[in-house]
Amino acid sequence: MSEQAERKQRILSGIQPTGTFTLGNYIGAVRNWSRLQEDFECLYMVADLHSLTVRQEPAELRRKSREAAAMLLAAGIDPAVSLLFVQSHVPAHAQLSWVLSCNTQFGELSRMTQFKDKSAKHADNVNAGLFTYPDLMAADILIYNADLVPVGVDQKQHLELARNVAQRFNNLYSPTFHLPEPYFGSTGAKIMSLQEPEKKMSKSDTNANSFILMTDDADTILRKCKRAVTDSDGVVRAGEDKPGVTNLMSIYSSLTGKSFETIEKEFEGQGYGAFKEAVAGSIIDAFRPIQAEYARILADKAYLDGVLRDGAAAASRMADRMLAKVYKKVGLLQL
Ligand code: ATP
Ligand code: LTN
Numbered sequence: 046m047s048e049q050a051e052r053k054q055r056i057l058s059g060i061q062p063t064g065t066f067t068l069g070n071y072i073g074a075v076r077n078w079s080r081l082q083e084d085f086e087c088l089y090m091v092a093d094l095h096s097l098t099v100r101q102e103p104a105e106l107r108r109k110s111r112e113a114a115a116m117l118l119a120a121g122i123d124p125a126v127s128l129l130f131v132q133s134h135v136p137a138h139a140q141l142s143w144v145l146s147c148n149t150q151f152g153e154l155s156r157m158t159q160f161k162d163k164s165a166k167h168a169d170n171v172n173a174g175l176f177t178y179p180d181l182m183a184a185d186i187l188i189y190n191a192d193l194v195p196v197g198v199d200q201k202q203h204l205e206l207a208r209n210v211a212q213r214f215n216n217l218y219s220p221t222f223h224l225p226e227p228y229f230g231s232t233g234a235k236i237m238s239l240q241e242p243e244k245k246m247s248k249s250d251t252n253a254n255s256f257i258l259m260t261d262d263a264d265t266i267l268r269k270c271k272r273a274v275t276d277s278d279g280v281v282r283a284g285e286d287k288p289g290v291t292n293l294m295s296i297y298s299s300l301t302g303k304s305f306e307t308i309e310k311e312f313e314g315q316g317y318g319a320f321k322e323a324v325a326g327s328i329i330d331a332f333r334p335i336q337a338e339y340a341r342i343l344a345d346k347a348y349l350d351g352v353l354r355d356g357a358a359a360a361s362r363m364a365d366r367m368l369a370k371v372y373k374k375v376g377l378l379q380l
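Anchor point for the sequence shown: position 57 equals 102 in this note's numbering, and the numbering is continuous, going up by one each time.
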């Protein structure tokens, strides 16, 4: 086999340390990350620079960055196999992001749904970083020539922007960047809020009943599931007219592997009570082993920081090479 054919495809993904991870983060992202390690060369990062686009309390951000890394390790990311690092520890991302932003149009960034949503949500702080957020994300990906980027469907538009910017750069200068593809998990790629099932479940939501955290204990999970908004017809069936029930079904389906059809049969004639308890049970079972690991890793700061230090050093070696190439191509003076 040629060397090219033998090279594993490369994966990069990131998650912001803006809060404790939710069930949405788990099903849409984190769970898939650990599964991909066997077949791909994986780089995973805690996107702390991205989280500065929304006001953060400094001490809390530091704490959450460690917690995010610990949760990723607890969920199965193996530092002997994959690289795990903190985005700001690899300065080349921010450096490449500047060059990319000079090759991105105001119009393209203005069309980003996340920008529109977040500027509406934080109307008092519509900062330039929020606007150029997709260029930093493009830099995260392009700097490693990642082939695949596992994300939730809400990030599809950002991936398209990364591809467009990469292609534009390649045409303008010379072939430099790989065009990355999004990689969506097969089921339940978008988990919705338990209180407003038209909105995605988000860890920065102000209503704590709208999300389930990966650190929630069994009682809390059960309570939040029982309070989840459904409808009044009492039938466990998926459909556009039943967003709350459909969301609970996709959670249950993606955690148990059961199809919608099987789930509808399982709860036929039973109403929502038994169904909600079963959904809660599937979440509790999935989180129990992760929570034990999380507590153990978080208590071992020396180990955790060592993993992050090694990850950043290895990632920097790769990123610096690409940055030097790009700086040269665009004509920045090198001595
Ligand atoms: P925030 O609430 O701070 O905007 P978030 O919860 O949306 O954050 P991110 O850090 O932006 O989370 O996203 C991390 C990963 O989790 C991304 O791949 C994203 O697509 C995925 N993700 C986030 N929310 C969901 C969800 N509700 N369903 C599925 N995947 C999700
Ligand atoms: N914007 C992403 C987080 C993120 C990311 C990345 C994902 C930052 N950089 C690079 C994939 C690749 C989000 O999920 N909100």
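Where a beta carbon is used, it is the ideal one built from N, C-alpha and C, also for glycine.
On a predicted model such as this, the values are computed, not experimentally measured, just so you know.
- Contact check for Ala113 against Pro62 passes: the beta carbons are separated by less than 8 Å.
- Lys244 and Gly302 have their C-alpha atoms some 24 Å from each other.
- Distance from the CA atom of Thr307 to the CA atom of Arg108, rounded to whole angstroms, is 42 Å.
- The way I'd put it, the segment 129-144 does touch the segment 171-185; three or more beta-carbon pairs between them come closer than 8 Å.
- In the DSSP assignment, Ile186 is bridged to no other residue.
- Rounded to the nearest angstrom, the gap between the Cα atoms of Leu187 and Ser164 is 26 Å.
- Assigned with DSSP and collapsed to three states, Gly59 falls in strand.
- Under the DSSP assignment, Val91 falls in the beta strand (DSSP E) whose first and last residues are 86-91.
- In this structure Cys147 is exposed. Its beta-carbon is surrounded by fewer than 16 other beta-carbon atoms within 10 angstroms.
- Rounded to whole angstroms, the Cβ separation of Val375 and Tyr218 is 7 Å, and the two are in contact under 8 Å.
- For Gln200, the shortest C-beta to heavy atom distance toward the ligand LTN is below 7 Å.
- Leu239 sits in coil when the DSSP states are folded into three classes, being neither helix nor strand.
- Residue side-chain check: Gly59 places its Cβ nearer than 7 Å to a non-hydrogen atom of the ligand LTN.
- For Asp185, the distance from the CB to the nearest heavy atom of the ligand LTN is below 7 Å.
- Secondary structure note for Phe332: its alpha helix (DSSP H) is the uninterrupted segment 316-344.
- In the three-state reduction of the DSSP assignment, Phe130 falls in the strand class.
- Not a single heavy atom of the ligand LTN lies less than 7 Å from the C-beta of Ala137.
- In the pairwise beta carbon analysis, the segment 84-100 is classified as not touching the segment 268-287: fewer than three pairs are separated by under 8 Å.
- Across the set Ala331, Glu313, Lys310, the C-alpha of Ala331 shows the shortest separation from the C-alpha of Ile296.
- Secondary structure of Lys244 (DSSP, three-state): coil.
- The beta carbons of Leu129 and Leu117 sit closer together than 8 Å.
- The three-state secondary structure of Tyr348, taken from DSSP, is helix.
- DSSP, reduced to helix, strand and coil, places Val99 outside both helices and strands of the structure shown, so it counts as coil.
- Among the bridge pairs identified by DSSP, Leu258 is matched with Thr67.
- When the beta-carbon positions are compared, Ser58 and Asp93 stay at least 8 Å from each other.
- For Pro288, there is no enclosing beta strand (DSSP E); the enclosing alpha helix (DSSP H) covers residues 288-301.
- Each residue's CA atom was taken as its position, placing Lys53 and Arg354 some 24 Å apart.
- The beta carbon of Leu145 sits closer than 7 Å to those of Asp180, Ala183, Ala184, Val210, all from its chain and outside the five residues before and after it, given in chain order.
- Set against 7 Å, the gap from the CB of Met259 to the closest heavy atom of the ligand LTN is not smaller.
- For Met246, the Cβ falls inside the 7 Å cut-off from some heavy atom of the ligand ATP.
- DSSP places Glu226 inside the beta strand (DSSP E), whose first and last residues are 226-228.
- Only buried fits Arg55, as 16 or more other CB atoms lie within 10 angstroms of its CB.
- Within the segment 191-231, the complete beta strand (DSSP E) segments of 3 residues or longer fall at 193-195, 226-228, listed in chain order.
- For Val196, the distance from the CB to the nearest heavy atom of the ligand LTN is below 7 Å.
- Taking all protein chains in view, the Cβ of Arg333 is surrounded by fewer than 16 other Cβ atoms within 10 Å, so the residue is classified as exposed.
- Distance from Leu175 to Thr251 at the Cβ level is roughly 18 Å; contact not present, criterion being Cβ atoms closer than 8 Å.
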